[in-house]
Structure formats: C-alpha cells, structure tokens
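Before any comments, here is the structure.
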C-alpha cells in the first residue's frame, strides 16, 4: 500500500473507533481491552498460518515483542481508560496527540534520528489546532487533584504508546515484519492486560448484546488488525514523528461523524483549529524525507480520540 493510502486508512479507522469504544463501556475497560486484543491476536495468527508466515524468532526478539505488547497494546489503553474517569474527551484527545512531539524527541534520543524542523513545526500546529477545536471543553476544566491525576495518567499512556512506536523502529532494524511482530506483540499485550484484570479482581463476564459484539468485531478487525498494521508500517516507512501526526487527525474524523450523529455544532474557533491541523498535515505529507540515518542504540531493557 502506498503511504497516502496507509495514512488515510489509519486516520479513518481510528477516527471511527471512538463510537465503537463507547459501546464497549458496558464492561470494565480492562476487560474490554482483553477481549479486543484476544480476538485481534487470533485473527492475526490465523492470517499468518494461512499465508505460511513464520512466527519463529530469536529469544531477544521475543523480549522486544513482549515490551511492545506491554507498552503499545496494554498500558497505553489501560492508562487512558483510567484517565477517562476524570478528564473530558477533548483533553484526552489533546494529551494523546502530544505523541507527535514525544515520537520526535524520543526517536532522536534513542536512535539519533535527526529532528526535522518542518515536522516539529507541523506537530506544534496540529496540537494548537486541536486545542482550538476542543476549546469549549478545555475552557471549563478546573485543575483539581482528580484532573491532575487524569493528566498524569493520560500523558503516561501517551508516553507508553510512543515508546511502543520506538520498539517498532527496532523491529525494522532487526528484520521483524510488521504483521508477525504485531501478532506476537498483541498476544503478549493480551496476557499483560489479563494479568491486570485478575490483579484488580474484575469479574470475568461477557456481553452478548448486538452493540457490544458489533463494536468488538470492528475494534478487533479494523481498528486493531488493520489500524495498527497500517500505522506501524507508516512508522517504519516515514518515521515515528511524521506517522504520529495521524493522532492529531483522527479526533477530527470523530467530530465530523459526531456532526451527523450527535448534532455537534462547529464554532469559528473550531474551524480555525481545523485549518491549523490541515496545514500541519500538509507540511508532514509534502516534506521530502531524507534518507534515514539510524544509528543502532539499544532501547531500555528489554474523548474524541479513539484508537
């Protein structure tokens, strides 16, 4: 798939996933995560078996797959579910979109990737634009102890996702394909999430309602298998900084759908914010990327923002 198609698919499937995630809230968030990634893992493993893809990797590769599973397919989601109890969706969206900056900085620190000034400017434009879009929600936020705790949790979840992106960069250097790496990484992530469910004493149950089952199928097949497949392929092709700009765009897709389904009313400030986001997106996609200069540096041992 060409880069523009990968980019568009990531934004679309994650932008639509917000509504599916709302339907999942009939169960505790941690348990919903287990079911989502358990089904996604089964789909990926079946695909690998059908296409005769080898799932045999070195023990060292498995350590990094487990690390990716913990960071990207477990903690990232669990921390955001916990943060959602105290933060409005707009603030969650802005917090998660700081991954555009985190990926740039962490990529430079871990892999000595050159920071592209234009991509950095695009990231700041995107964050500013998204803040304007959600300003009606953000303006009424009072910094209480619970809100501060929610901010810490959401930024921690974003940092976890960003570090998971860096493991994907390491996978490319080690020759681990995206599909196979995702299949095993999601399996590890599911086990970690299940351990959290057991540790918190959450009762194991399932909801057979059409809304829950339908949203589970969408989140597992499209938002997880397809979404992460496209996004992590982007990380390897255009770099984590540019790929992370999708986190600025998919909240806008969710709001566009909300305009028709939930009678969302656009303001002049929101319109200006969209212009800033699109301007940043234009910079990200039109800026020519220099030949990658990645130095091997080890990783540490080892809302309207659906994803």
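In my numbering, the protein residues as written are 325 to 631.
A virtual CB, placed ideally from N, CA and C, is assigned to each residue, including glycine.
When the beta-carbon positions are compared, residue 411 and residue 474 come within less than 8 Å of each other.
By the Cβ rule, the region 396-407 does not count as touching the region 441-452, because fewer than three pairs are nearer than 8 Å. Around the C-beta of residue 544, 16 or more other C-beta atoms lie within 10 Å, and the residue is accordingly described as buried. Membership of residue 461 in the alpha helix (DSSP H) is indicated by the continuous run 459-462. Note that the region 370-387 does not touch the region 334-350; fewer than 3 beta-carbon pairs, one per stretch, sit closer than 8 Å.
Here the alpha carbons of residue 592 and residue 524 stand approximately 45 Å from one another. Residue 330 sits away from residue 482, with the two beta carbons spaced by 8 Å or more.
In this structure, the CA atom of residue 582 is about 10 Å from the CA atom of residue 575. Relative to the Cα of residue 431, the nearest Cα in the group 608, 520, 392, 490 belongs to 490. Just so you know, the alpha carbons of residue 350 and residue 365 end up roughly 22 Å apart. CA-to-CA, the gap between residue 507 and residue 579 works out to about 31 Å. Taking the CA atoms as reference points, residue 571 sits about 13 Å from residue 554. Linking residue 537 to residue 388 through their CA atoms gives a straight-line distance of about 32 Å.
The beta carbon of residue 600 sits closer than 8 Å to the beta carbons of 449, 450, 452, 453, 456 from its chain, once the five residues preceding and following it are set aside; these are given in chain order. Classified as exposed, residue 429 has fewer than 16 neighbouring CB atoms from the shown chains inside 10 Å of its CB. Bounds of any alpha helix (DSSP H) do not take in residue 587, whose DSSP letter is neither H nor E.
Just so you know, the alpha carbons of residue 468 and residue 416 end up roughly 16 Å apart.
Each residue's CA atom was taken as its position, placing residue 400 and residue 505 some 18 Å apart.
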